[in-house]
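Protein chains in written order, with this note's numbering: chain L, 1 to 119; chain E, 1001 to 1616. In this text, a Cβ means the ideal position worked out from N, Cα and C, and glycines have one as well. As the structure is a computational prediction, the values presented were derived from the model and not from experiment.
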Amino acid sequence: MKVLVVDDETLVRRSLSRVCSGRNHEVKEAEDGERGLELWSSFQPDLVFLDILMPKLTGLEVLKKVKKSPTVKVILMSAYTGGIAPEEARAAGADLFLAKPFEDIFSVIQRAEELCDGR
Amino acid sequence: MARKPLPSIAVVSDLPAFLDEVRTWPHPAFRLEQINTSKNPDVLCFGPDVSLSTAEHWMSKFSKATWVWAKEGWATDDFNQLEPEHFPGFLIDLKDRATLSRIWSKALRTKSGAAVSDSPDAVSRVDLKEASFRLESLMNFIQSVANANDIFELLGRLREEMKAFEVVGDPVLLLAKAHATSQLYYFRGHETYLKSLMEAPPAGHRVRIHDPIDRQFLANQMGRPFGKVIAFPIAQERSSGWQIHPVIFFEHRMEDADLPQFIESVAQRLQAVSLALDRLVLEIELKRSSQLWEKTFDGIEEPIAILDLSGEIVRSNRHFVERSLNGDEHGVIKNGDNLFQVETYDIRIKGQGPVLSSVVHYHDITTPMDLRERMIQIEKMSAIGHLAGHIAHELNNPLTGIRGLAQILLQQMQGKATAQMIDDLMEVEKASKRCQDIILNLLEFSKGNLDSQMRVCDLNEIVLKTLPFLKSAVGRYEQDIQIQESELAVEVEPQLMQQVVFNLVNNACQALDGQKGVIAVSTSDQTRDGVHYAVLTVKDSGPGIAPELQNLIFEPFFTTKKEGQGTGLGLSFSRDFVRKLHGDIICESKPGEGAAFHVLLPISKSGVQRPLGEAS
């Protein structure tokens, strides 16, 4: 499975790619929204971890611009729940909303895989 | 020169004292003579020594005369036993000058030309006497109206005065006002009436005799037909400048020949009536404006007192009296549930003139203080909320990575790394978990009263969640934390309750002021007056609170802290909040023995409610 991680926080990108590679997924990282949009079209991921507050383009703006195929699953993430409601995330096209920090990074990847398996 | 024949008075009495008295009567218009069968006297006056049979003898002889029987001082048994109905004339008191004047006037008017010739000298003497009599009775009238206490009394005097003209009705007084409702004062029998007029009254400055407009006006106002009416307008420029035009009306059945005498008699009295009216109307106005002032002064919602130069209270309004104030208060004072800012200022006649008195005004600042307190609290919490949101975002991102990586490393290094390394990684994971919790609590705490909701919480949990924020403040002191193990369910707004805990513990730390000491925080439950309370006690071993300050510390903006350490709002906010929940905060302290604050909250009967997604 091809996984794209879009987040401006290095440690978030690193931990997510580490755990995804560990489970034999192909991972690419983008450090801002613009780069994320580019990789989205070139890499054609099956799963996207998308942060909301990022430089250049926010996660929601990326979602608006991208021609999202219904087979691609998007997990929207935010470190500040005060900024967005889960319903809003769903309306924007996200399949799941996760508040950072995660309680357990392994259960995050497990939920993501279940999401993709169910497509 | 044609001269009116003078009426005569014949006295029947053998008492020299009585005869002397009669000579002092105000009847200079009469010739006084001993009884004489040959002449017809106009007035037949019996002394108190006369017997009824003697009187009847003379009365039958002079049946057309006015009969007068005088008493007082000289009364015989006969006289005392005399019932008024047995004597068809006037029974009079010798001192009753008003009645005497009336009798004489009556005699004067009924006198019909009984020719009495006198020498010119005698006549001029009599004229002088008559003039002085008139003057005296006019003076009496002026004096009586000058002393009149109200308009009806004045009108009553005029009515008495004009009774001599028998076919003249009671006077009616109109106070025509230029820019206000005109009023009509009148009598009906012994009753007095005051009527406000809906229609414009007749105007004019001259005496109007038998003007149909006046007759119609009175008939309309008083609801009965009127006969002949004479109107006397009293038009005078007033120094007081009042815009009132009084008119006095008389209804009458006099012959035209009698009118000049009547009009002259009224005219002579108008000046006095006018002056008295001027005074009475001014008095009414004055009374009205003083009543208005008094009502206004009393009606002012805030206490006010007027002090003289020595500081004695000259006047004070109702609220001042009700609140038992002294007039010597200064600054901000507490009275009942209200807070007053006391302001004192001088009253002078002119800008820089000498001070006459001073006014002490108690501005009620309870509500503004409340509002200000609330505003500050809301602003503070909103600022903290923004800050906390920002911090949460900035810290949560790296924390996500730190925790995630620690978890991954822990998994990957199982069986590869040393136990020491694994242990270190576990500490990293635990520390980041702790940071995450603190940020979550900070976010919750800072939501403040912006969107907080009442729910049933465990007081112990609230205290435990709040204490970490105070670590840096409490950390330097010895701590004694005793949280009750069993749940203490209280219905509160959790974020606001956290602020109460924060305020109390923070205050306790500030009370120790860097000196060695103990901060004790404990929770328990107890029953007071039949109510089951959850109790939070925050104690410090600081210098304690002086008894006179123990009530003041709960006042908004009262603070003993150094500048920058507090707004003086913490305790007042905390107690307000707790009282709203039917609880209370009680302060226990003795100087030198520290202070304890007990927060009492009624224990909720329903169980603790947790928001969705929050684990216990």
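Boundaries of the beta strand (DSSP E) in which residue i is found, first to last residue
i	result
VAL1490 of chain E	1489–1492
LEU98 of chain L	96–99
LEU37 of chain L	Where LEU37 of chain L is concerned, there is no enclosing beta strand (DSSP E), although the alpha helix (DSSP H) it sits in stretches over 33–43.
SER1060 of chain E	Premise fails: SER1060 of chain E lies in the alpha helix (DSSP H), 1052–1061, not in any beta strand (DSSP E).
Where residue i falls, given that 16 or more other Cβ within 10 Å makes a residue buried
i	result
GLY1351 of chain E	exposed
LYS1580 of chain E	exposed
ASP1020 of chain E	exposed
SER1060 of chain E	exposed
LEU1450 of chain E	Unreliable placement is indicated for LEU1450 of chain E, whose pLDDT of 45 sits below 50; no coordinate value is reported for it.
HIS1179 of chain E	exposed
ALA1200 of chain E	exposed
ALA1534 of chain E	buried
LEU1154 of chain E	buried
LYS1539 of chain E	buried
GLU1166 of chain E	exposed
ILE75 of chain L	buried
LYS1111 of chain E	Bear in mind that the predicted position of LYS1111 of chain E carries a pLDDT of just 46, short of 50, making it unreliable; the figure below should be weighed with that in mind. LYS1111 of chain E should be labelled buried.
PRO1048 of chain E	buried
ASP1121 of chain E	Here ASP1121 of chain E scores only 46 on pLDDT, less than 50, and its place in the model should not be relied on; the value that follows carries that caveat. With fewer than 16 Cβ atoms within 10 Å of its Cβ, ASP1121 of chain E is classed as exposed.
GLN1271 of chain E	exposed
LYS1416 of chain E	exposed
HIS1393 of chain E	buried
PHE1079 of chain E	Residue placement at PHE1079 of chain E cannot be trusted, given a pLDDT of 49 that sits under 50; the coordinates are not used to answer.
GLY1073 of chain E	Because the pLDDT of GLY1073 of chain E is 46, which lies under 50, any placement of that residue in the model is unreliable, and the number read from its coordinates should be weighed accordingly. By the 10 Å Cβ count, GLY1073 of chain E comes out exposed.
ILE105 of chain L	buried
Among the options, the one whose alpha carbon lies nearest that of residue i
i	options	result
LEU1184 of chain E	E:LEU1425, E:GLY1223, E:GLU1427, E:ASN1147	E:GLY1223
LYS1471 of chain E	E:ASP1346, E:LEU1282, E:CYS1509	E:CYS1509
GLU1136 of chain E	E:ILE1151, E:SER1053, E:GLN1268, E:ARG1315	E:GLN1268
PHE1597 of chain E	E:THR1181, E:VAL1456, E:ASN1507, E:PHE1320	E:ASN1507
LYS2 of chain L	L:LYS65, L:MET77, L:LYS100, L:VAL72	L:VAL72
GLY1570 of chain E	E:THR1537, E:GLU1588, E:LYS1605, E:PHE1502	E:PHE1502
ALA1131 of chain E	E:ASN1397, E:PRO1233, E:SER1265, E:VAL1332	E:SER1265
SER42 of chain L	L:ASP32, L:LEU50, L:LYS28, L:ASP51	L:LYS28
LEU1052 of chain E	E:ALA1070, E:ILE1553, E:VAL1043, E:ALA1065	E:ALA1070
ILE1234 of chain E	E:PHE1226, E:GLU1251, E:LEU1173	E:LEU1173
GLU1301 of chain E	E:SER1486, E:SER1541, E:PHE1320, E:GLU1255	E:PHE1320
GLN1484 of chain E	E:THR1537, E:GLN1515, E:GLU1478, E:LEU1443	E:THR1537
ARG1323 of chain E	E:GLY1353, E:TYR1362, E:ILE1349	E:TYR1362
VAL1359 of chain E	E:HIS1386, E:LEU1307, E:ARG1348, E:LYS1287	E:LEU1307
PRO1468 of chain E	E:SER1604, E:VAL1505, E:PHE1062	E:VAL1505
GLY1385 of chain E	E:ASP1458, E:GLN1495, E:ILE1349	E:GLN1495
PRO1543 of chain E	E:VAL1518, E:ASP1525, E:SER1524, E:ASP1529	E:VAL1518
LEU1277 of chain E	E:ALA1473, E:VAL1490, E:ASP1150, E:TYR1477	E:ASP1150
GLN1515 of chain E	E:VAL1492, E:TYR1477, E:ASP1423	E:TYR1477
PHE1062 of chain E	E:LEU1015, E:ILE1009, E:MET1413, E:ASP1014	E:ILE1009
The alpha helix (DSSP H) enclosing residue i, as first and last residue numbers
i	result
HIS1179 of chain E	Run containing HIS1179 of chain E: none; DSSP gives neither H nor E here.
HIS1319 of chain E	1318–1322
GLN1261 of chain E	1259–1299
THR10 of chain L	10–22
ASP1576 of chain E	1570–1580
SER107 of chain L	105–117
GLN1216 of chain E	1212–1222
SER1472 of chain E	1471–1474
Beta-carbon proximity of residue i to residue j, cut-off 7 Å
i	j	result
MET54 of chain L	ASP8 of chain L	yes
LYS1177 of chain E	ILE1284 of chain E	no
LEU1409 of chain E	LEU1399 of chain E	no
VAL1578 of chain E	ILE1585 of chain E	yes
ALA79 of chain L	ASN1397 of chain E	yes
GLN1411 of chain E	PRO101 of chain L	no
ILE1462 of chain E	LEU1395 of chain E	no
ASN1317 of chain E	ASP1337 of chain E	no
ARG1521 of chain E	ILE1481 of chain E	It is worth fixing the name first, because residue 1521 of chain E is Val in this sequence and not Arg. Cβ atoms of VAL1521 of chain E and ILE1481 of chain E: closer than 7 Å.
LEU4 of chain L	VAL66 of chain L	no
ILE1365 of chain E	LEU1339 of chain E	yes
LEU1601 of chain E	VAL1490 of chain E	yes
LYS56 of chain L	GLU34 of chain L	yes
Residue i CB to nearest heavy atom of the ligand ZN below 6 Å
i	result
LEU1194 of chain E	No copy of the ligand ZN occurs in the structure displayed, which carries no ligand at all.
Name, going along the chain, the residues of the stretch 1414–1436 of chain E whose beta-carbon falls closer than 8 Å to a beta-carbon of chain L.
-> Across the stretch 1414–1436 of chain E, CB contacts with chain L closer than 8 Å involve SER1432, GLN1436, in sequence order along the chain.
For the stretch 18–50 of chain L, which residues have a beta carbon sitting closer than 9 Å to at least one beta carbon of chain E?
-> In summary, the residues of the stretch 18–50 of chain L whose CB is separated from some CB of chain E by less than 9 Å are ARG18, VAL19, GLY22, in the order they occur in the chain.
According to a CB-to-CB cut-off of less than 9 Å, which residues of the stretch 2–17 of chain L neighbour chain E?
-> Of all residues in the stretch 2–17 of chain L, the ones placed with a Cβ closer than 9 Å to any Cβ belonging to chain E are ASP7, ASP8, GLU9, THR10, LEU11, VAL12, ARG13, ARG14, SER15, LEU16, in chain order.
Selection of the stretch 1381–1412 of chain E by Cβ proximity to chain L, strictly under 7 Å = Residues GLY1389, ALA1392, HIS1393, ASN1396, ASN1397, PRO1398, LEU1399, THR1400, GLY1401, ILE1402, ARG1403, GLY1404, LEU1405, GLN1407, ILE1408.
Residues in the stretch 93–109 of chain L having any Cβ partner in chain E nearer than 9 Å | When C-beta distances to chain E are compared with 9 Å, the residues of the stretch 93–109 of chain L below that value are ALA99, LYS100, PRO101, PHE102, GLU103, ASP104, ILE105, PHE106, VAL108, in chain order.
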